[in-house]
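Peer 1:
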Amino acid sequence: MATTTSADDLDGTDIPAGAILTNKSTKYRFVEKIGSGGYGAVYKIQLDPTDNKEYAMKIEKKLERRDHSKLNMEVHILKLMAQKPEGKTHFLKMIDRGKKEKFFFIVMTLVGDSLLDLKRQRPGGVFSPATGIKVARQSLEAIGELHDCGFIHRDIKPGNYAVGRPQNHRTIFILDFGIARRFVNLSGEVKAPRVKVHFKGTVRYAPLSCHKAKESGPKDDCEAWLYMMVDLCNPDGVLWRKALDRAQTLQLKEESRTPKGKEKLFKEMALEEWSSILSYVDKLGYQDKVDYAYLYGMLDEGAKAMKVDLAAPYDWDTVEGTVEGKETRETQATKSVAIVSKSPLPHCKKK
1 MATTTSADDL DGTDIPAGAI LTNKSTKYRF VEKIGSGGYG AVYKIQLDPT
51 DNKEYAMKIE KKLERRDHSK LNMEVHILKL MAQKPEGKTH FLKMIDRGKK
101 EKFFFIVMTL VGDSLLDLKR QRPGGVFSPA TGIKVARQSL EAIGELHDCG
151 FIHRDIKPGN YAVGRPQNHR TIFILDFGIA RRFVNLSGEV KAPRVKVHFK
201 GTVRYAPLSC HKAKESGPKD DCEAWLYMMV DLCNPDGVLW RKALDRAQTL
251 QLKEESRTPK GKEKLFKEMA LEEWSSILSY VDKLGYQDKV DYAYLYGMLD
301 EGAKAMKVDL AAPYDWDTVE GTVEGKETRE TQATKSVAIV SKSPLPHCKK
351 K
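Here the sequence shown is numbered in UniProt numbering, starting from 1 and rising by one per residue.
#1: When you compare only the Cα positions, how much space is there between G201 and A247?
#2: What did DSSP end up calling D148 once you bin it into helix, strand or coil?
#3: Using the three-state DSSP reduction, which class does G188 fall into: helix, strand or coil?
#4: Between S69 and the rest of its own chain, which residues show a CB-CB distance below 7 Å, the 5 nearest in sequence each way excluded?
#5: Taking the C-alpha atoms as reference points, what is the distance between Y280 and Q167?
#6: Is the region 190-204 touching the region 80-99 in the sense that three or more CB pairs, one from each, lie closer than 8 Å?
#7: Roughly how many angstroms separate the alpha carbons of N23 and D148, rounded to a whole number?
#8: Looking at the strands, I want to know which residues DSSP matches up with Q46.
#9: Mind checking who Y161 pairs with in its DSSP beta bridge?
#10: Have a look at E255 and G40 and give me their C-alpha separation to the nearest angstrom.
#11: Alpha carbon to alpha carbon, how far is T4 from V42?
#12: Please tell me whether I277 and L232 are closer than 8 Å, where the distance is taken between their beta carbons.
#13: When you compare the CB positions of K111 and R182, do they come within less than 8 Å of one another, or not?
#14: Measuring straight from C-alpha to C-alpha, what distance separates E263 and G302?
#15: Would you call D220 buried or exposed, if buried means 16 or more other Cβ atoms sit within 10 Å of its Cβ?
#16: Can you give the Cα-Cα distance for V230 and V290, rounded to whole angstroms?
#17: Looking at the secondary structure, which residues open and close the beta strand (DSSP E) in which L21 lies?
#18: Using a Cβ-Cβ cutoff of less than 8 Å, which residues in the same chain neighbour residue 353 once the five nearest sequence positions on both sides are dropped?
#19: Does E330 come out as helix, strand or coil in the three-state DSSP assignment?
#20: Identify whether Y37 lies in helix, strand or coil by the three-state DSSP scheme.
#21: Output the residue ranges of the alpha helix (DSSP H) runs that lie fully inside the region 88-156 and measure 4 residues or longer, sorted by chain position.
#22: DSSP on E60, reduced to helix/strand/coil?
#23: Taking C-beta to C-beta, are I174 and V135 nearer than 8 Å?
#24: Which value, in whole angstroms, describes the spacing of the CA atoms of R137 and D9?
#25: Please name the residue, chosen from D48, G37 and R204, that lies closest to L21 on a Cα-to-Cα basis.
#26: Give a yes or no on whether the C-beta atoms belonging to L271 and L239 are separated by under 8 Å.
#27: Can you tell me where the alpha helix (DSSP H) holding T202 begins and where it ends?
#28: Out of curiosity, what's the CA-to-CA distance linking Y210 and P193?
#29: I'd like the list of long-range same chain contacts for M57, defined as Cβ closer than 6 Å, with 5 residues on each side in sequence excluded.
#30: Is R246 helix, strand or coil when you go by DSSP?
#31: Is the Cβ-Cβ distance between T249 and V308 less than 8 Å?
#32: Reducing DSSP to helix, strand and coil, say where Y292 ends up.
#33: So, using beta-carbon positions, are V126 and P218 closer together than 8 Å?
#34: So, R170 versus Y314, is the Cβ gap smaller than 8 Å?
#35: Could you pull out every residue in the same chain whose Cβ sits closer than 6 Å to the Cβ of G261, ignoring the five residues on either side in sequence?
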């Protein structure tokens, strides 16, 4: 009779299917690896014995040079969101957490494809105007919910959002809080900005302040969100997609603020409305509150300008919506319950 592999003594980076991890009285059986990155991996798992549901387990290897887990921030934020009486619709549910000799882990809701995966499945590599506007709104709602709790994400990008599984596939979830930071103190006051800050996040979506070693605040998540939406919706992607380094990326981001730059940046998008969003975000300072009602209003105006039918199905709900001509939502589920996803990404549509 074949013996079952125990995952408890492994380092967490390559746990085989069928292996069992025990946490107190609960046992988890590994189904498959669905993502990996610099610090560990993400697996699809089931309870043992099974409850006929699947979950995601995110594992972080213990490192000698670091005595704390980067998952701590993720755990803290997901616990905080779960305590909110109104419920935060764009955050995953944490089911369990623990640590072994060689790794830390958390168990949470299993999601479907990331926005990056869904974009890559699209003919032309961009979302339709209707899907683009709806994705913009949901992904911004998630950022607003996080900011309401006093945290900024600092790595907004398509790989850090995913749709729910089939029964919840019209909801977009925000993922990976490994480099999130509290921007208010316990009294609810905005912290004083640090004098110099190391670069955090993904170069393609990083806000100007990050390039300039300045403290990031809520407005900077919104700037990164805008770049992400350009990448998801503009057939040409962001203007700096082929930049060779951070210096050139910064230069091109600054040039995108010119009238010609905005025309290119928001190609096949609602130019006037997205330009207004960019100008608004640029006027905000580190300590300023974001007026989300204004941003949602601009998205609504953009939808009207483009004559978008917001009742239209999401691209991933239609046969024509993917390159293959069929839904592939669960192919790489939670590649994004993201460990890192540093991959560069591309490209909504126009007024």
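Just so it is clear, CB atoms sit at the ideal spot from N, CA and C, and this is done for glycine as well.
Peer 2: To lay it out plainly:
#1: As a first step, residue 201 must be located in the sequence shown, where it is residue number 201. As a first step, residue 247 must be located in the sequence shown, where it is residue number 247. Each residue's Cα considered, the two are about 15 Å apart.
#2: If you number the sequence shown from 1, residue 148 lands on position 148. Correct three-state label for D148: helix.
#3: Locating residue 188 in the sequence shown gives position 188, where the first residue counts as 1. Correct three-state label for G188: coil.
#4: Taking the sequence shown and counting its residues from 1, one reaches residue 69 at position 69. Closer than 7 Å at the Cβ level, and outside the excluded window around S69, lie E60 and F104.
#5: Residue 280 sits at position 280 when you count from the first residue of the sequence shown. Residue 167 sits at position 167 when you count from the first residue of the sequence shown. Rounded to the nearest angstrom, the two C-alpha atoms are 37 Å apart.
#6: no
#7: Walking along the sequence shown from the start, residue 23 turns up at place 23. Walking along the sequence shown from the start, residue 148 turns up at place 148. N23 and D148 have their C-alpha atoms some 33 Å from each other.
#8: Against the sequence shown, residue 46 aligns to sequence position 46. Listed as beta-bridge partners of Q46 by DSSP are R29.
#9: Taking the first residue of the sequence shown as 1, we reach residue 161 at position 161. Y161 is bridged to I174.
#10: For this step, residue 255 is matched to residue 255 along the sequence shown. For this step, residue 40 is matched to residue 40 along the sequence shown. Approximately 37 Å, taken between the alpha carbons.
#11: Taking the first residue of the sequence shown as 1, we reach residue 4 at position 4. Taking the first residue of the sequence shown as 1, we reach residue 42 at position 42. Answer to the nearest angstrom: the Cα atoms are 20 Å apart.
#12: Translated into positions along the sequence shown, residue 277 becomes position 277. Translated into positions along the sequence shown, residue 232 becomes position 232. Taking 8 Å as the Cβ cut-off, I277 and L232 do not qualify as a contacting pair.
#13: Numbered from 1 along the sequence shown, position 111 holds the residue referred to as residue 111. Numbered from 1 along the sequence shown, position 182 holds the residue referred to as residue 182. Per the sequence shown, residue 111 should be read as Val rather than Lys. For V111 and R182, no; Cβs fall outside 8 Å.
#14: To locate residue 263, count along the sequence shown from 1; it is residue 263. To locate residue 302, count along the sequence shown from 1; it is residue 302. Each residue's Cα considered, the two are about 15 Å apart.
#15: Residue numbering aside, residue 220 sits at position 220 when the sequence shown is read from its first letter. Classification for D220: buried.
#16: Position 230 of the sequence shown, counted from the first residue, corresponds to residue 230. Position 290 of the sequence shown, counted from the first residue, corresponds to residue 290. Cα to Cα, the separation comes out at about 20 Å.
#17: If you number the sequence shown from 1, residue 21 lands on position 21. Unbroken beta strand (DSSP E) run through L21: I20 to N23.
#18: Since the first residue of the chain shown is 1 and the last is 351, residue 353 is not available in this structure.
#19: Here residue 330 is taken as the residue at index 330 of the sequence shown, counted from 1. Below a pLDDT of 50, predicted positions are generally treated as unreliable, and E330, at 45, falls in that range; no measurement from the model is reported.
#20: Residue 37 sits at position 37 when you count from the first residue of the sequence shown. The sequence shown places Gly at residue 37, not Tyr. If DSSP states are grouped into helix, strand and coil, G37 belongs with coil.
#21: 115-120 and 129-148
#22: Counted from its first residue, the sequence shown places residue 60 at position 60. DSSP places E60 in strand when its eight states are reduced to three.
#23: What you label residue 174 is simply residue 174 of the sequence shown in a count that begins at 1. What you label residue 135 is simply residue 135 of the sequence shown in a count that begins at 1. For I174 and V135, no; Cβs fall outside 8 Å.
#24: Residue numbering aside, residue 137 sits at position 137 when the sequence shown is read from its first letter. Residue numbering aside, residue 9 sits at position 9 when the sequence shown is read from its first letter. Each residue's alpha carbon lies about 43 Å from the other.
#25: On the sequence shown, residue 21 is found 21 positions in, with the first residue counted as 1. For L21, the nearest C-alpha among the options comes from D48.
#26: Here residue 271 is taken as the residue at index 271 of the sequence shown, counted from 1. Here residue 239 is taken as the residue at index 239 of the sequence shown, counted from 1. Not closer than 8 Å, so no.
#27: For this step, residue 202 is matched to residue 202 along the sequence shown. Careful: T202 lies outside any alpha helix (DSSP H) and carries neither H nor E.
#28: Translated into the one-based positions of the sequence shown, residue 210 becomes position 210. Translated into the one-based positions of the sequence shown, residue 193 becomes position 193. What sits at residue 210 in the sequence shown is Cys, not Tyr. Using only the alpha carbons, I get a separation of about 13 Å.
#29: As a first step, residue 57 must be located in the sequence shown, where it is residue number 57. Here the set comprises Y43, I45, F105 and V107.
#30: Taking the first residue of the sequence shown as 1, we reach residue 246 at position 246. Look at R246 here: in three-state DSSP terms it is helix.
#31: For the purposes of this step, residue 249 is identified with residue 249 of the sequence shown, where counting begins at 1. For the purposes of this step, residue 308 is identified with residue 308 of the sequence shown, where counting begins at 1. No, the Cβ-Cβ distance between T249 and V308 is not below 8 Å.
#32: By one-based count along the sequence shown, residue 292 stands at place 292. Three-state DSSP puts Y292 in a helix.
#33: As a position in the sequence shown, residue 126 is number 126, starting the count at 1. As a position in the sequence shown, residue 218 is number 218, starting the count at 1. No.
#34: The residue labelled residue 170 in the question sits at position 170 within the sequence shown. The residue labelled residue 314 in the question sits at position 314 within the sequence shown. Yes, they are a contact pair.
#35: Along the sequence shown, read from residue 1 onward, the residue named residue 261 stands at position 261. Here the set comprises E255.
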